[in-house]
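A.B. asks: Below is one structure. I have some questions about it.
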Amino acid sequence: MKNLIEISKIVTKKRISKIEIFDKSLLNKKDSKFNEFYDGLVNNKFRTDDEAADYLYGTNPLDDKYRQLKSRFTKRLLNTLFFLDSNDPSFSNYHSSYYTCNKNWALIRILLSSGARSAATKLASKTITVAQNYRFADVLFNCSRILMTSCSLSGNHKEYEIYSEICHKAMQDMDAEIKSEELYQRLTIHFSSSAAMVNTDLAELGAESLEKSKKLCAESDSYNVHYNMYQIWILMYQFMGNYEKMIEICDLAEK
């Protein structure tokens, strides 16, 4: 109840703006410019601001009517992202959980900045449990810091050590993720040139990167580190022009 009181006070003190999102009622209004804009985007009726402004208003992108519509449309579209159905079949369990954790983290930051530390701590505790199941290093790092602060304020030595261990493990995983991402990016950066498709030098770089990536996998159980390792492995064979091996590694990754 204490947490609900904290949140209720925030809602009472702060001015509540109208929630502007894309829902069925708005999208069913066929004469709405919002609906025209949305329909044009998803059905590829226009690909540029010039095309959109001409389609919607018969004008150019600098026209005030178009600029205002685009600004309001963008705000509404971004707001809608917070209300996606994470149980939708198109979401895997992994992505559904990561979406929920990130949405919770945004709420935690809002609660903390509004002085509702108790409510923020409870949500962080709930979120970290989900994050541990999927080894979301960034979420674990952020939430564990909140919970460490809470434990330090309440004098809970035992739980403080638990969250401290989670925090340091998450830091190690994040470091491994950043290193593996860089190894992968230093290969993909060459794809701006078509000559990079089959390239002996890049194949050698890929082999070196793969060995470094495998070492990172031995140090970390992070999903992202292992995912990047397979991506590097696939690229190495692509640079060699060995497409049969590429398929073999893809099959291995799926297992």
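When you line the sequence shown up against my numbering, it's residues 2 to 256, in that order. Here a beta-carbon is modelled for each residue, glycine too, at the ideal position from N, C-alpha and C.
(1) Since Y99 and F137 should fall inside the 8 Å C-beta cutoff, what is the C-beta to C-beta distance between them, to a whole number of angstroms?
(2) Measuring CB to CB, does C168 end up less than 8 Å from R146?
(3) Measure the alpha-carbon distance for K246 versus W234 and round it to whole angstroms.
(4) So, is S93 buried or exposed, given that buried needs 16 or more other C-beta atoms within 10 angstroms?
(5) According to DSSP, simplified to helix, strand and coil, what is K213?
(6) I want to know whether the segment 216 to 235 touches the segment 175 to 187 - three or more CB-CB distances under 8 Å.
(7) Would a C-beta distance cut-off of 8 Å place A54 and N61 closer than the cut-off?
(8) Once you ignore the five residues that flank K34 on each side, which residues in its own chain have a CB closer than 6 Å to its CB?
(9) Restricting to runs no shorter than 3 residues, where is the beta strand (DSSP E) found entirely within the segment 113 to 168?
(10) Closer than 7 Å by C-beta to E322: which residues in its own chain qualify, once you throw out the five before and the five after it? Chain order, please.
(11) Less than 6 Å between C-beta atoms, sequence neighbours within five positions excluded: which residues of the same chain meet that for D174?
(12) Could you work out which residue in L78, L79, T101 is closest to D89 when comparing CA atoms only?
(13) Measuring only the C-alpha atoms, how far is R73 from N103?
(14) Using only CA atoms, which one of A208, D51, K123, E21 lies nearest to L1?
(15) I'd like the span of the alpha helix (DSSP H) that includes S72, first residue to last.
(16) How far does the alpha helix (DSSP H) with V226 in it reach, from first residue to last?
(17) Need the endpoints of the alpha helix (DSSP H) that K246 sits in, please.
(18) Return the Cβ separation of K46 and Y56 in integer angstroms, given the expectation that the two are a contact with Cβ distance under 8 Å.
(19) Thinking C-alpha only, which one of F192, K170, I250 is nearest L211?
(20) With a threshold of 16 other CB atoms inside 10 Å of the CB of H227, please say whether the residue is buried or exposed.
(21) Buried or exposed, going by whether 16 or more other CB atoms sit within 10 Å of the CB of G207?
(22) Provide the residue span of the alpha helix (DSSP H) that contains V43, from first to last.
(23) Mapping the DSSP letters down to three states, classify K46 as helix, strand or coil.
(24) Taking 8 Å as the cut-off, decide whether the C-beta atoms of S126 and L148 are in contact.
C.D. replies: To lay it out plainly:
(1) Taking the first residue of the sequence shown as position 1, residue 99 is located at position 98. Taking the first residue of the sequence shown as position 1, residue 137 is located at position 136. Rounded, the Cβ-Cβ distance is 6 Å, consistent with contact.
(2) In the sequence shown, residue 168 corresponds to position 167, counting from 1. In the sequence shown, residue 146 corresponds to position 145, counting from 1. Contact flag set, yes.
(3) Stepping through the sequence shown from its first residue, residue 246 is reached at position 245. Stepping through the sequence shown from its first residue, residue 234 is reached at position 233. Cα to Cα, the separation comes out at about 9 Å.
(4) On the sequence shown, residue 93 is found 92 positions in, with the first residue counted as 1. Label assigned to S93: exposed.
(5) The count along the sequence shown starts at 1 and reaches residue 213 at position 212. Looking at K213 - three-state DSSP - the assignment turns out to be helix.
(6) At 8 Å Cβ cutoff, the stretches touch.
(7) Locating residue 54 in the sequence shown gives position 53, where the first residue counts as 1. Locating residue 61 in the sequence shown gives position 60, where the first residue counts as 1. In this structure, A54 sits near N61, with a CB-CB distance shorter than 8 Å.
(8) What you label residue 34 is simply residue 33 of the sequence shown in a count that begins at 1. Result list for K34: L70, in chain order.
(9) none
(10) Here the chain covers residues 2 to 256 and nothing more, so residue 322 does not appear.
(11) Numbered from 1 along the sequence shown, position 173 holds the residue referred to as residue 174. Around D174: A138, S221, S223.
(12) Here residue 89 refers to the residue found at position 88 when the sequence shown is read from its first residue. D89 has its Cα closest to that of T101, out of L78, L79, T101.
(13) Taking the first residue of the sequence shown as 1, we reach residue 73 at position 72. Taking the first residue of the sequence shown as 1, we reach residue 103 at position 102. So the alpha carbons of these two residues sit roughly 24 Å apart.
(14) Since the displayed the chain opens at 2 and closes at 256, residue 1 lies outside it and no answer follows.
(15) The sequence position of residue 72 within the sequence shown is 71, counting from 1. Its alpha helix (DSSP H) spans residues 65 to 81.
(16) Residue numbering aside, residue 226 sits at position 225 when the sequence shown is read from its first letter. Per DSSP, V226 is one residue of the alpha helix (DSSP H) stretching across 224 to 241.
(17) Position 245 of the sequence shown, counted from the first residue, corresponds to residue 246. Here the alpha helix (DSSP H) through K246 covers 244 to 255.
(18) By one-based count along the sequence shown, residue 46 stands at place 45. By one-based count along the sequence shown, residue 56 stands at place 55. About 6 Å separates the two Cβ atoms, so the contact holds.
(19) Taking the sequence shown and counting its residues from 1, the one referred to as residue 211 is at position 210. Nearest in C-alpha terms to L211, of all of F192, K170, I250, is I250.
(20) Reading the sequence shown from its first residue, position 226 is the one you call residue 227. Buried.
(21) The count along the sequence shown starts at 1 and reaches residue 207 at position 206. By the neighbour-count rule (16 or more Cβ atoms within 10 Å), G207 is buried.
(22) Here residue 43 is taken as the residue at index 42 of the sequence shown, counted from 1. For V43, the enclosing alpha helix (DSSP H) covers residues 34 to 43.
(23) Position 45 of the sequence shown, counting from 1, holds the residue named residue 46. The answer is coil: DSSP assigns K46 none of H, G, I, E or B.
(24) For the purposes of this step, residue 126 is taken as residue 125 along the sequence shown, with counting starting at 1. For the purposes of this step, residue 148 is taken as residue 147 along the sequence shown, with counting starting at 1. The Cβ-Cβ distance between S126 and L148 falls below 8 Å.
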